[in-house]
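> Have a look at this one before I ask anything.
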Amino acid sequence: MANIKNKRSQNVEGNFYVDQTCIDCGTCYWMAPKVFEEISGMSAVTTQPEFKDEKRAMEALFSCPTNSIGYAGQRVEMRRVSKTFPLLIEENVFHNGYHSENSYGAASYFIQRENGNILVDSPRYSSVISKNIADQGGVSLQYLTHRDDVADTDLYQKNFQAKRLMHKDDISEKTNHFEIQLEGQDDYPIDNDLLVIPVPGHTKGHTVLLYKEKYLFTGDHLAFSKNLDHLYAFKTACWYDFKIQIESMEKLLNYDFTHVLPGHGAPFKASTTSEMKEQLRKCIEWMKN
Ligand code: SF4
Numbered sequence: 693m694a695n696i697k698n699k700r701s702q703n704v705e706g707n708f709y710v711d712q713t714c715i716d717c718g719t720c721y722w723m724a725p726k727v728f729e730e731i732s733g734m735s736a737v738t739t740q741p742e743f744k745d746e747k748r749a750m751e752a753l754f755s756c757p758t759n760s761i762g763y764a765g766q767r768v769e770m771r772r773v774s775k776t777f778p779l780l781i782e783e784n785v786f787h788n789g790y791h792s793e794n795s796y797g798a799a800s801y802f803i804q805r806e807n808g809n810i811l812v813d814s815p816r817y818s819s820v821i822s823k824n825i826a827d828q829g830g831v832s833l834q835y836l837t838h839r840d841d842v843a844d845t846d847l848y849q850k851n852f853q854a855k856r857l858m859h860k861d862d863i864s865e866k867t868n869h870f871e872i873q874l875e876g877q878d879d880y881p882i883d884n885d886l887l888v889i890p891v892p893g894h895t896k897g898h899t900v901l902l903y904k905e906k907y908l909f910t911g912d913h914l915a916f917s918k919n920l921d922h923l924y925a926f927k928t929a930c931w932y933d934f935k936i937q938i939e940s941m942e943k944l945l946n947y948d949f950t951h952v953l954p955g956h957g958a959p960f961k962a963s964t965t966s967e968m969k970e971q972l973r974k975c976i977e978w979m980k981n
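Its first residue numbered 693, the sequence shown is counted upward by one per residue in the numbering used here.
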């Protein structure tokens with residue numbers, strides 16, 4: 693839990709605060725941008741939330757990977773919000789919250805489907821998430837975009853007995869027990885509505901998941917930059933080969949989707965597939981420059 697004695701001086705007075713343990717992962721900035729802002733390399737509460745924003749700030753509190761956000765108000769409200777995860781994004785696609793420090797605060801997602809639910813990357817282990825996902829039908833497959841976002845996958849596997857799927861090129865000693873290890877660069881259909889697409893670059897074995905030709909779960913391959921106002925890639929956090937990552941980005945122009953659900957930063961939604969392709973072209977041009 694955040695420690696009020698360790699509270700940053702940059703916070704405005706009120707119930708919410710950020711303490712000195714913040715790792716500046718950015719989660720609270722996109723989840724509750726009216727409340728949290730980056731000041732001097734860490735988050736701080738710059739506006740105390742009211743009404744709807746208070747719920748969102750509390751969701752950010754539970755999603756913070758280092759428990760750096762504190763709340764000095766009523767515990768009843770905290771308990772109520774803690775039980776509302778995973779959080780609905782749209783249709784049957786959810787944001788799990790409860791980000792893990794082991795994946796540098798990356799977001800993970802949950803897809804509820806008639807043909808079996810999918811956990812996309814891993815939240816930190818939480819009995820609340822686990823129970824709520826169990827209530828929504830459990831998990832039939834754990835899909836991992838790449839080696840960095842594995843977090844507490846094995847603990848969720850114990851609960852749900854779901855096979856873990858990741859590309860072989862990202863498998864290490866710690867993950868060589870994963871049941872499904874993809875090889876090569878061909879697309880891998882999991883079901884009629886689910887396609888794994890290899891996109892090497894950020895890591896050698898990075899893949900993305902396309903659901904219903906609408907939602908693209910992108911891990912650390914592709915995200916949206918508020919500053920640039922277009923899709924982009926993490927150039928200073930590329931662990932394999934940025935030129936290959938550009939080729940992988942170009943390959944995505946061959947697919948239709950309107951939603952990008954990244955590991956880091958806010959989900960991005962285009963109104964049409966053409967608008968998304970235009971965004972992708974901007975991203976590729978920016979990467980090349
Ligand atoms: S979510 Fe937590 S660690 Fe991440 S920026 Fe906010 S306070 Fe810092």
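The beta carbon of each residue, even a glycine, is placed where N, CA and C say it ideally should be.
Can you give me the Cβ contacts of Gly829 inside the same chain, cut-off strictly under 6 angstroms, excluding the 5 residues immediately before and after it?
Numbered from 1 along the sequence shown, position 137 holds the residue referred to as residue 829. Correct list, in chain order: Asn809.
> Is Gly762 closer than 7 angstroms to Tyr709 when the C-beta atoms are compared?
Taking the sequence shown and counting its residues from 1, one reaches residue 709 at position 17. Taking the sequence shown and counting its residues from 1, one reaches residue 762 at position 70. Yes, they are a contact pair.
> Compare the beta carbon distance of Val768 and Ala749 with 7 angstroms and say whether it is the shorter of the two.
Position 76 of the sequence shown, counted from the start, is the residue given in the question as residue 768. Position 57 of the sequence shown, counted from the start, is the residue given in the question as residue 749. Going by C-beta atoms, Val768 is not nearer than 7 angstroms to Ala749.
> Buried or exposed for Gln853, please, with buried defined as at least 16 other CB atoms from any protein chain shown within 10 angstroms of its CB.
Counted from its first residue, the sequence shown places residue 853 at position 161. The residue is exposed, with fewer than 16 neighbouring Cβ atoms inside 10 Å.
> Less than 6 angstroms between the CB of Val710 and some heavy atom of ligand 1, yes or no?
The residue given as residue 710 occupies position 18 in the sequence shown. Because some heavy atom of ligand 1 lies under 6 angstroms away, the Cβ of Val710 counts as near it: yes.
> For Ser755, collect the residues of the same chain with a Cβ closer than 7 angstroms to its Cβ; drop the 5 residues on either side in sequence, then sort them by chain order.
Your numbering for residue 755 matches position 63 in the sequence shown. Only Thr719, Met723, Gly789, Tyr790 and His791 meet the Cβ criterion.
> Since His859 contacts Leu874 with CB under 8 angstroms, what's their CB separation in whole angstroms?
Here residue 859 is taken as the residue at index 167 of the sequence shown, counted from 1. Here residue 874 is taken as the residue at index 182 of the sequence shown, counted from 1. At roughly 5 angstroms, the Cβ-Cβ gap stays under 8 angstroms, so His859 and Leu874 are in contact.
> Might you give, ordered along the chain, the residues of its own chain that have their beta carbon closer than 6 angstroms to the beta carbon of Trp931, omitting 5 neighbours on each side?
For the purposes of this step, residue 931 is identified with residue 239 of the sequence shown, where counting begins at 1. Result list for Trp931: Thr895, in chain order.
> Please report the Cβ distance between Leu972 and Leu908, rounded to the nearest whole angstrom; I am assuming they are in contact, meaning their Cβ atoms lie under 8 angstroms.
Here residue 972 refers to the residue found at position 280 of the sequence shown. Here residue 908 refers to the residue found at position 216 of the sequence shown. Actually they do not touch by this definition, with Cβ atoms about 10 angstroms apart.
> Which runs of the beta strand (DSSP E) at least 3 residues long sit entirely within the segment 730-763? Give them in chain order.
Taking only runs of at least 3 residues, the beta strand (DSSP E) segments lying wholly in the segment 730-763 are 734-737 and 761-763.
> How close, in whole Å, do the beta carbons of Phe777 and Tyr801 come, if the pair is a contact with beta carbons under 8 angstroms?
Taking the sequence shown and counting its residues from 1, one reaches residue 777 at position 85. Taking the sequence shown and counting its residues from 1, one reaches residue 801 at position 109. So it is not a contact: roughly 12 angstroms between Cβ atoms.
> Whole angstroms are fine: how far does the CA of Leu887 sit from the CA of Asp642?
Outside the shown range of the chain, which is 693 to 981, sits residue 642, and nothing can be said about it.
> Out of Met693, Gly893, Gln804 and Asn868, which has the shortest C-alpha to C-alpha gap to Met770?
Here residue 770 corresponds to residue number 78 of the sequence shown, with the count starting at 1. Residue Met693 is the option with its Cα nearest to Met770.
> How should Arg839 be labelled, buried or exposed, when 16 other C-beta atoms within 10 angstroms of its C-beta is the threshold for buried?
Counting from 1 along the sequence shown, the entry for residue 839 is found at position 147. Label assigned to Arg839: buried.
> Measuring only the C-alpha atoms, how far is Asn703 from Ser735?
Working through the sequence shown from its first residue, we reach residue 703 at position 11. Working through the sequence shown from its first residue, we reach residue 735 at position 43. One C-alpha to the other measures close to 9 angstroms.
> Could you pull the DSSP bridge partners for Ser917 from this structure?
Start at 1 with the first residue of the sequence shown, and residue 917 comes out as number 225. In the DSSP output, where bridge partners are listed per residue, Ser917 has His922.
> Return the CA-CA distance between Asn794 and Pro892, expressed in angstroms with no decimal places.
The count along the sequence shown starts at 1 and reaches residue 794 at position 102. The count along the sequence shown starts at 1 and reaches residue 892 at position 200. Computed Cα separation, rounded: 21 angstroms.
> Would the beta-carbon of Asp846 fall within 7 angstroms of that of Tyr817?
Position 154 of the sequence shown, counted from the start, is the residue given in the question as residue 846. Position 125 of the sequence shown, counted from the start, is the residue given in the question as residue 817. The answer is no: Cβ separation not under 7 angstroms.
> Which same chain residues end up closer than 7 angstroms to Asn807 when comparing Cβ atoms and leaving out the 5 residues on each side of it in sequence?
In the sequence shown, counting from the first residue as 1, residue 807 sits at position 115. Once the five neighbours on either side are set aside, the close Cβ partners of Asn807 are Asp883.
> Among all the DSSP beta bridges, which residues are the ones paired with Thr964?
Within the sequence shown, numbered from 1, the residue matching residue 964 stands at position 272. Paired residues: none, contrary to the question.
> So which of Gln804, Gln834, Tyr835 and Trp978 has the shortest CA-CA distance to Asp827?
Here residue 827 refers to the residue found at position 135 of the sequence shown. It is Gln804 whose Cα lies nearest to the Cα of Asp827.
> Using a threshold of 7 angstroms, state whether the C-beta atoms of Gly957 and Asp912 are closer than that.
Position 265 of the sequence shown, counted from the start, is the residue given in the question as residue 957. Position 220 of the sequence shown, counted from the start, is the residue given in the question as residue 912. The answer is no: Cβ separation not under 7 angstroms.
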